[in-house]
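Student: Residue numbers (full-length UniProt numbering): 1 to 156.
One structure, as structure tokens, below. Some questions next.
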């Protein structure tokens, strides 16, 4: 009955004030939620480089929430691709280091062998020719090493 509700309103002000407090608390909670969402969008707009206002002819128009989210997704995808490229580069560099260490050991063995027998084979082949042959062999070994070895297995 509408009349009963009206009479309740006049007869029981405590209950209505309780309802008012609940309504006010709910309104405040809802406003707090909206403010948190707005702050989240504002933070995204400040952090994501592609969301920064670049065109001053637009004025102070804000980007829509959908655009902010799409630009954020695009930026995160870009960062993932960059991370993958950097990880691949690190892997390649690790392979290079491993191959160079192997080459260093081989060079040290050649030097040691030469020091042990300094007069053996004197005037047979020039050092430059030896180096060129050795370099060719090492380059081909490195290429096959680089193509077939995973550096991650060395770290485990």
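Ideal placement from N, C-alpha and C gives every residue a C-beta, glycine not left out.
All values derive from a computational prediction rather than experimental measurement.
Run the CB neighbour count on residue 45, radius 10 Å, all protein chains shown included, and call it buried at 16 or more, exposed below.
Tutor: buried
Student: Taking 7 angstroms as the threshold (C-beta atoms), are residue 41 and residue 71 in contact?
Tutor: no
Student: What do you reckon, are the CB atoms on residue 138 and residue 98 nearer than 7 angstroms?
Tutor: no
Student: Quick one: Cα of residue 52 to Cα of residue 22, how far?
Tutor: 40 angstroms
Student: In this structure, how does DSSP classify residue 63 when only helix, strand and coil are distinguished?
Tutor: coil
Student: Are residue 75 and residue 48 close, meaning C-beta to C-beta below 7 angstroms?
Tutor: yes
Student: What is the residue span of the alpha helix (DSSP H) that residue 126 lies within?
Tutor: Taken as a continuous stretch (DSSP letters only), residue 126 belongs to no alpha helix (DSSP H), as it is neither H nor E.
Student: Rounded to whole angstroms, what is the Cα-Cα separation between residue 133 and residue 114?
Tutor: 16 angstroms
Student: How would you call residue 105, buried or exposed, if buried means at least 16 neighbouring beta carbons within 10 angstroms?
Tutor: Counting Cβ neighbours within 10 Å, residue 105 comes out exposed, since fewer than 16 surround it.
Student: Should residue 146 and residue 101 be called a contact, given that it needs their Cβ atoms to be closer than 7 angstroms?
Tutor: no
Student: Taking only three categories from DSSP, how would you classify residue 146?
Tutor: helix
Student: For residue 61 and residue 84, what's the separation of their Cα atoms in angstroms?
Tutor: Cα-Cα distance, rounded: 35 angstroms.
Student: Measure the C-alpha to C-alpha separation of residue 86 and residue 78 and round it to an integer number of angstroms.
Tutor: 12 angstroms
Student: Take the Cβ of residue 68 as the centre, count every other Cβ of all protein chains shown within 10 Å, and call the residue buried at 16 or more, exposed below.
Tutor: Within a 10 Å sphere around the beta-carbon of residue 68 sit 16 or more other beta-carbons, which makes this residue buried.
Student: Just the C-alpha distance for residue 92 and residue 108, rounded to the nearest angstrom, thanks.
Tutor: 24 angstroms
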